[in-house]
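Before any comments, here is the structure.
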Amino acid sequence: MSGPIRPFERSLPMQLMRAREAVMARFRPHLNARNLSDQQWRIIRALSETDALEIVELSGRCCIHPASLSRMLPALEQEGLVKRHNHARDQRRSVMSLTVRGRRLFREMGPESEAIYAALARDIGAARLSQLYAMLDALIATLEQPAIVNRKMRPRKTRVAKVASRARSARSKR
Numbered sequence: 034m035s036g037p038i039r040p041f042e043r044s045l046p047m048q049l050m051r052a053r054e055a056v057m058a059r060f061r062p063h064l065n066a067r068n069l070s071d072q073q074w075r076i077i078r079a080l081s082e083t084d085a086l087e088i089v090e091l092s093g094r095c096c097i098h099p100a101s102l103s104r105m106l107p108a109l110e111q112e113g114l115v116k117r118h119n120h121a122r123d124q125r126r127s128v129m130s131l132t133v134r135g136r137r138l139f140r141e142m143g144p145e146s147e148a149i150y151a152a153l154a155r156d157i158g159a160a161r162l163s164q165l166y167a168m169l170d171a172l173i174a175t176l177e178q179p180a181i182v183n184r185k186m187r188p189r190k191t192r193v194a195k196v197a198s199r200a201r202s203a204r205s206k207r
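Written as structure tokens, this is what we have:
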């Protein structure tokens with residue numbers, strides 16, 4: 034690399050983190066009113082769109098490390114929001130689902146959550162927000178394609194990616 038490194042504030046990871054924090058600042062009062070953390074809400078949101086998810090898949094969808102997720106789930110179970118079940122075909126594996134109470138909480142929080150999204154669209158502009166979604170989708174799709182990553186620059190697999198990869202391999206061998 035020639036020349037100086039870009040300023041810290043202009044590094045892409047930092048810009049994305051700052052953007053995330055700016056967006057979450059809008060949602061946190063809504064979550065705090067229900068005593069939910071960002072991560073707990075992600076778990077509820079992910080489970081709201083399906084009947085049940087294996088813990089590894091839930092971890093990937095929520096971007097929460099499996100070990101951290103396994104420490105969070107008991108509190109949500111104790112609150113009666115999620116339930117752990119044995120996998121239908123493999124009793125050694127667990128799946129998580131929302132309880133009736135968890136689904137009710139999700140439905141109750143939905144309108145205010147959508148109002149926050151509407152305010153974001155007003156503040157940012159609906160067209161710009163749509164462009165942002167498209168740009169983020171393109172960024173993710175591009176960077177998740179292993180064929181375009183130079184071998185020397187290829188990032189190490191995270192533990193979540195390794196666990197997910199092993200789970201996919203195990204399922205494909207059956």
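Residue numbers for the sequence shown follow my numbering, so the first one is 34 and each next one is one higher.
C-beta atoms are modelled at their ideal positions from N, C-alpha and C, and glycine is treated no differently.
It should be emphasised that the depicted structure is a prediction, and the values quoted were computed from it without experimental measurement.
Since Asp71 contacts Met57 with CB under 8 Å, what's their CB separation in whole angstroms?
6 Å
Note down, one range per segment and in chain order, each alpha helix (DSSP H) of at least 4 residues found wholly within the region 105-139.
none
Could you tell me the distance, in whole angstroms, from the CA atom of Ser81 to the CA atom of Leu45?
31 Å
Just list the residues that DSSP pairs Glu87 with in beta bridges.
Val128
Let's see if you can read the secondary structure: which residues bound the alpha helix (DSSP H) around His98?
Run containing His98: none; DSSP gives neither H nor E here.
Tell me which residues share the same chain as Arg117 and place their Cβ nearer than 8 Å to its Cβ, disregarding the 5 neighbours each side in the sequence.
Leu106, Glu110, Ser127, Val128, Met129
In angstroms with no decimal places, state the Cα-to-Cα distance between Cys95 and Arg39.
30 Å
Report yes if the CB atom of Arg134 is closer than 9 Å to the CB atom of Leu102, and no otherwise.
no
Is Ala79 helix, strand or coil by DSSP?
helix
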